[in-house]
Each structure stands twice: as C-alpha cells, then as structure tokens.
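The listed protein sequences derive, respectively, from chains C, D and V. Under the working numbering, the first residue of the first sequence carries the number 2, and numbering increases by one thereafter. Under the working numbering, the first residue of the second sequence carries the number 2, and numbering increases by one thereafter. Under the working numbering, the first residue of the third sequence carries the number 2, and numbering increases by one thereafter. The beta-carbon is built from N, C-alpha and C at its ideal position, and this holds for glycine as well. Keep in mind the model is a prediction, meaning the values are calculated, not measured.
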Amino acid sequence: MSVTTKKGDGGMSEYFGKKVSKGGKILEAVGTLDELQAVLGLVGLEKLQNDIYEIMGKKDILVKIENLENEINKLEKELKIENKFVIFKNEKATKLNWVRTVVRRAERRSTIFKDKNILIFLNRLSDFIYLLALKEEK
Amino acid sequence: MSVTTKKGDGGMSEYFGKKVSKGGKILEAVGTLDELQAVLGLVGLEKLQNDIYEIMGKKDILVKIENLENEINKLEKELKIENKFVIFKNEKATKLNWVRTVVRRAERRSTIFKDKNILIFLNRLSDFIYLLALKEEK
Amino acid sequence: MSVTTKKGDGGMSEYFGKKVSKGGKILEAVGTLDELQAVLGLVGLEKLQNDIYEIMGKKDILVKIENLENEINKLEKELKIENKFVIFKNEKATKLNWVRTVVRRAERRSTIFKDKNILIFLNRLSDFIYLLALKEEK
Numbered sequence: 002m003s004v005t006t007k008k009g010d011g012g013m014s015e016y017f018g019k020k021v022s023k024g025g026k027i028l029e030a031v032g033t034l035d036e037l038q039a040v041l042g043l044v045g046l047e048k049l050q051n052d053i054y055e056i057m058g059k060k061d062i063l064v065k066i067e068n069l070e071n072e073i074n075k076l077e078k079e080l081k082i083e084n085k086f087v088i089f090k091n092e093k094a095t096k097l098n099w100v101r102t103v104v105r106r107a108e109r110r111s112t113i114f115k116d117k118n119i120l121i122f123l124n125r126l127s128d129f130i131y132l133l134a135l136k137e138e139k
Numbered sequence: 002m003s004v005t006t007k008k009g010d011g012g013m014s015e016y017f018g019k020k021v022s023k024g025g026k027i028l029e030a031v032g033t034l035d036e037l038q039a040v041l042g043l044v045g046l047e048k049l050q051n052d053i054y055e056i057m058g059k060k061d062i063l064v065k066i067e068n069l070e071n072e073i074n075k076l077e078k079e080l081k082i083e084n085k086f087v088i089f090k091n092e093k094a095t096k097l098n099w100v101r102t103v104v105r106r107a108e109r110r111s112t113i114f115k116d117k118n119i120l121i122f123l124n125r126l127s128d129f130i131y132l133l134a135l136k137e138e139k
Numbered sequence: 002m003s004v005t006t007k008k009g010d011g012g013m014s015e016y017f018g019k020k021v022s023k024g025g026k027i028l029e030a031v032g033t034l035d036e037l038q039a040v041l042g043l044v045g046l047e048k049l050q051n052d053i054y055e056i057m058g059k060k061d062i063l064v065k066i067e068n069l070e071n072e073i074n075k076l077e078k079e080l081k082i083e084n085k086f087v088i089f090k091n092e093k094a095t096k097l098n099w100v101r102t103v104v105r106r107a108e109r110r111s112t113i114f115k116d117k118n119i120l121i122f123l124n125r126l127s128d129f130i131y132l133l134a135l136k137e138e139k
C-alpha cells in the first residue's frame, strides 16, 4: 500500500466518511489534535499520545477524564501550587510548559466539536501537564 | 540597511506588491510556510527549507512535486507500511512526526492560494516526512 | 488551591473580567502569546518571557519597545545584514529562527487587540530574535 492517496489534492478531505473542506474548522481541530499527539511524543508521554488518537476516534473519553482528574489530585497533594506565573528553568519543565500551550491551542480549536467532553479532557490535560512541569521544576 | 522597516506597524503588510491585512488569510498562509521552513531547519532538512522559500516565490513547483513523488516511491519500496497509527519512540522520528504536523498545518492554511500545486507539494511533503520518520524508527 | 477550576468546561472563559468565547479571537491571541512565552523559555530568553506576561497585563509596553529598538540598533552595528533568506545551520540559530516564526504568529493573532503597541512590540521582537539568530550563526 502507498501513503499517498492523492485524494486531498482538490482541497477536500474525509472525516468520519463525510467530505469536509481542508481549510475548514473540523480539519483544523483534527490537525491540531494531531500536532498535539506529536508534541506529546517529543516529551515521551506515549500513553497520552494514544489517548489523543482514541479521543479522535471518540473512544472512552469519560474514563480518560476521570483518570486525569485522579492524577491531578495526586500531584496537587504532592506539590505546592502558587497563584502566579511561573518562569520554568528546568529543561524538561520548559518543554512541558510549551506542550501545555499546544494543548490549549487544541482546546480552542476543539470548540467546533459537538462532544463537549473533548474540551473537558483537553482542559484537564493542560492542568495535568502544568503540574508535571511544576514537578520537574522542583 | 536595517531589518526594522516599521512598515507593518499599522496592521497592514505587503505581499507581492499588494497591501494585505496582517491578520488576514494570505499572511497567515505565508507565515505558516515560514514556520514550516523553520521547523524543517530544526531537523536538518535544509534542501526542503530552500524549496519552501522557492515555493513562496512560486518557482518550479511541478518539478519539486515530481522529486518528492520519486523519493516517496523509493522509500515505500524500502519500508514496510502498515495502515495504523504509529507511536514513534526514536528521538529523530518523534521530531519528524511533529514536523509532519506543521506541514499539515501549512497545507490547511495554503488552501487560500489560487495555485493548487502548492497544496499538492505540501501534501506530498507530509507523506515524505512521515516515511522519513518510519525509516528512522526502524 | 487547585489548578482545575472547571470554569472553562462550557466553552466560555474569562478575560479581564469579561466572558469571552474559548474559540474566539481574543483567547486565540492570548493563547498564542502564551505559546510564545513558552517557546522563549525553550531558548532561555527568560527576561522576554516575563515581558510577554507583562504585555498581556498591558504593563510598560512603550518602555519595552524602546528597549528592543536599542538592542536592535546595537546588534545591527555589530552584524553584517544581507537582504536575502538565510538558511541557518548553527543549532541555537535554527531554534531562534523557529521562535521568530512563533513571534510572527503571535503578531498576526494580536491584530485583534485595540492597543496597537502590542503589535509594534511583537514586530520589534521578531527583528530582535532574527538578529540573535544571525549572531549565533556567525
């Protein structure tokens, strides 16, 4: 099989069997989620990459939100959270802080989806990654 | 000469001698192609950076598409392609996978251009970079 | 205190005490400035990260523009500037070149703000970072 389908050359693409515009809001959201899974890979968060793929397939979103909220609770007990902007200096923390902003971008783009649980997942994911950055910074 | 022209301070900019809005779709596409050449530089793909500059100048796009399709054919013969999401683990492969998603973003933005060959070039480029990532992963 | 407020789950968010749409242009600009401060952190430009936070708080923008213009003047005297595309090869320079394109993206998004000084600051910032890249490349 070939990776090149030539199907998208006319400016349209497929999403769940429907023709959608390549420059439209649905593919912008899908593409940003793809960018998000890629940057999660840059910081070694492979399980979350897989979660993004599953969320794009609308699979088990509520369970994934619950898992993230549990992780957030654990980290919040472990870390001292202050209500101010943090300038991270640790190298891994600076990378995680960047990944957090890509999560936020994916969240803004995902407002186009009817399923609001995707938004909630991404919102918790940015909190979780912020806490991971704080943990690295300590 | 100075790099600071102060021409763009009023929210307008120039594109091929025409005044265009800095917040508009043409400069969004041009800026994303600029971001693309920059991330190609992060993974050492200097020849492709130069191709992006030439494409922004509308130069030799058909030749560049043919070159990419030849490279894609070669890599497809060399590699085993599977029809599933790949979670890359090799460090260079994870970077290439990210660069691929920036190509995709540039492709979505470039739907604004009249010349559809730019879209075709970017579509083949994302296939090519995906195959480069697979090759590094092996 | 908890980082998770659950306030944004309905697709709205707060900006200077006003309710704004999470998928709208104001939060897109704010989020892109956040992404910019994060990538400034990836290349160790901590003072500029802090400047971005202060600019988001509309603090001392004119002073910051003047500081950047002074730095630009100094670098322009020190470096030989040529009127052509540069393909950077030095690793730090390639990163700075990428950061420059994120500044440009933040500039395009910031056309939504009433305060045009934000645009001027970002315009000078992209010039400054370009010169930093040239300096690393030498």
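Query, Result
"Let me know the secondary structure DSSP gives Val21(D) once reduced to three states.", "strand"
"What does a CB cutoff of less than 6 Å around Met57(C) pick up in its chain, not counting 5 residues either side in sequence?", "Leu34"
"If you measure between the beta carbons of Ile62(C) and Ile119(C), is that distance less than 8 Å?", "yes"
"Any beta carbon from chain C within less than 8 Å of Asp128(D)'s own beta carbon?", "yes"
"Please list, in chain order, the chain D residues whose beta carbon lies closer than 9 Å to that of Tyr1(V).", "Because chain V in this structure spans residues 2 to 139, residue 1(V) falls outside the shown range and cannot be described."
"So, helix, strand or coil for Ser127(D), using DSSP?", "helix"
"State buried or exposed for Ser111(V), treating a residue as buried only when at least 16 other CB atoms are found within 10 Å of its CB.", "buried"
"Taking a Cβ distance cut-off of 8 Å, strictly less, list which residues of the stretch 65-95 of chain D are near chain C, in chain order.", "Glu70, Ile73, Glu77, Ile82, Asn84, Phe86, Ile88, Phe89, Lys90, Thr95"
"Can you pull the chain C neighbours of Leu28(D), defined as C-beta to C-beta under 9 Å?", "None at all; the shortest Cβ gap to chain C is about 15 Å."
"So, helix, strand or coil for Glu15(D), using DSSP?", "strand"
"Cutting at 6 Å between CB atoms, please list the residues of its own chain near Ala30(D), excluding the five before and the five after it.", "Arg110, Ser111, Ile113"
"Is any beta-carbon of chain C found at less than 8 Å from that of Asn98(D)?", "yes"
"Report yes if the C-beta distance between Leu80(D) and Leu135(D) is below 8 Å; otherwise report no.", "yes"
"State yes or no: is the beta carbon of Ile56(V) nearer than 8 Å to at least one beta carbon in chain D?", "no"
"Which one of Ser3(V), Asn124(V), Val21(V), Gly11(V) has the shortest CA to CA distance from Leu161(V)?", "Outside the displayed range of chain V (2 to 139) lies residue 161(V), so it cannot be described from this structure."
"Which bits of chain C does Leu43(V) rub up against, with CB to CB less than 8 Å?", "Thr95, Lys96, Trp99"
"Please check if any C-beta of chain C sits within less than 8 Å of the C-beta of Leu34(D).", "no"
"According to the neighbour-count rule (16 or more other Cβ atoms, all chains shown, within 10 Å of its Cβ), is Ser127(V) buried or exposed?", "buried"
"Going by DSSP, what residue range makes up the alpha helix (DSSP H) through Asp35(V)?", "26-43"
"Using alpha carbons as the reference points, say which of Asn84(V), Gly45(V), Ser14(V) lies closest to Ser3(D).", "Asn84(V)"
"Pick helix, strand or coil for Glu72(V), following the three-state DSSP scheme.", "helix"
"Please compile the residues from chain V whose C-beta is within a distance smaller than 9 Å of the C-beta of Ala107(D).", "Simply none; closest approach about 11 Å."
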